[in-house]
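In the numbering used here, the protein residues as written are -3 to 170.
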């Protein structure tokens, strides 16, 4: 017979949640608020914050957050047209502000910024996910498919691009 623990409230953000994701094993949850500037990753067993990641300084609407299969990386997409890729296992790979050594400047400069990113048209919503190790795919509402490979140095290169809805308008029949 298994036992169940009492529900726990995690005060993840000051404003309401806009996006969240669980890793494959259910041991981590990533959260983002409606402001869309920070993503926080939590340990679901210990109920503690593992890392805080900064998507950007301007508010954004996040479309999705996804963990890699092994939970080493996390990716997210937003209405800014940028796919951000963060390191979770080796957080030293994430970029940091030059002034982060000066502790008196606050949380903003101490933030962990994306290890790598790539840009898509901002006017088209998209979702992103990990295909295989160091490979992120993005599928957009305009029917475009993007596949990028990234490395530990933060380099990100497009491997493929396709259009799947070319020529299909609302009035077109199949």
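From the three backbone atoms N, C-alpha and C, an ideal C-beta is built for every residue, glycine too.
Using only the alpha-carbon positions, how far apart do residue i and residue j sit?
{"i": "residue 14", "j": "residue 72", "result": "12 Å"}
{"i": "residue 142", "j": "residue 122", "result": "10 Å"}
{"i": "residue 148", "j": "residue 119", "result": "29 Å"}
{"i": "residue 87", "j": "residue 108", "result": "8 Å"}
{"i": "residue 93", "j": "residue 83", "result": "16 Å"}
{"i": "residue 61", "j": "residue 124", "result": "8 Å"}
{"i": "residue 29", "j": "residue 23", "result": "20 Å"}
{"i": "residue 135", "j": "residue 159", "result": "10 Å"}
{"i": "residue 110", "j": "residue 2", "result": "35 Å"}
{"i": "residue 68", "j": "residue 90", "result": "12 Å"}
{"i": "residue 5", "j": "residue 48", "result": "18 Å"}
{"i": "residue 27", "j": "residue 51", "result": "12 Å"}
{"i": "residue 155", "j": "residue 126", "result": "14 Å"}
{"i": "residue 35", "j": "residue 128", "result": "22 Å"}
{"i": "residue 16", "j": "residue 59", "result": "10 Å"}
{"i": "residue 46", "j": "residue 39", "result": "6 Å"}
{"i": "residue 53", "j": "residue 21", "result": "31 Å"}
Is residue i helix, strand or coil when you go by DSSP?
{"i": "residue 143", "result": "strand"}
{"i": "residue 87", "result": "helix"}
{"i": "residue 120", "result": "coil"}
{"i": "residue 57", "result": "coil"}
{"i": "residue 112", "result": "strand"}
Among the residues of its own chain, which have a CB less than 6 Å from the CB of residue i, if the five just before and after it don't count?
{"i": "residue 114", "result": "79, 144, 152"}
{"i": "residue 56", "result": "32, 74, 75, 76"}
{"i": "residue 137", "result": "120, 121"}
{"i": "residue 112", "result": "81, 146, 150, 152"}
{"i": "residue 85", "result": "68"}
On the DSSP bridge assignment, give the partners of residue i in chain order.
{"i": "residue 154", "result": "144"}
{"i": "residue 62", "result": "71"}
{"i": "residue 128", "result": "131"}
{"i": "residue 93", "result": "Residue 93 pairs with nothing; no bridge assigned."}
Only counting the same chain, and skipping five residues up and downstream in sequence, which positions put a Cβ closer than 7 Å to that of residue i?
{"i": "residue 97", "result": "Residue confidence for residue 97 is low, a pLDDT of 49 falling below 50, so the modelled location carries little weight and cannot support an answer."}
{"i": "residue 170", "result": "The pLDDT assigned to residue 170 is 40, lower than 50, so where the model puts this residue is not dependable, and the model offers no usable value."}
{"i": "residue 116", "result": "77, 79, 122, 134, 136, 142"}
Please list, in chain order, all residues of the same chain as residue i whose beta carbon is under 8 Å from its beta carbon, the five residues on each side excluded.
{"i": "residue 157", "result": "140, 141, 142, 143"}
{"i": "residue 43", "result": "4, 6"}
#### Entry: In chain order, each beta strand (DSSP E) run of at least 3 residues that lies wholly inside the stretch 2 to 49
Every unbroken stretch of the beta strand (DSSP E) spanning 3 or more residues and falling wholly within the stretch 2 to 49 is given here in chain order: 13 to 18, 24 to 29, 34 to 39.
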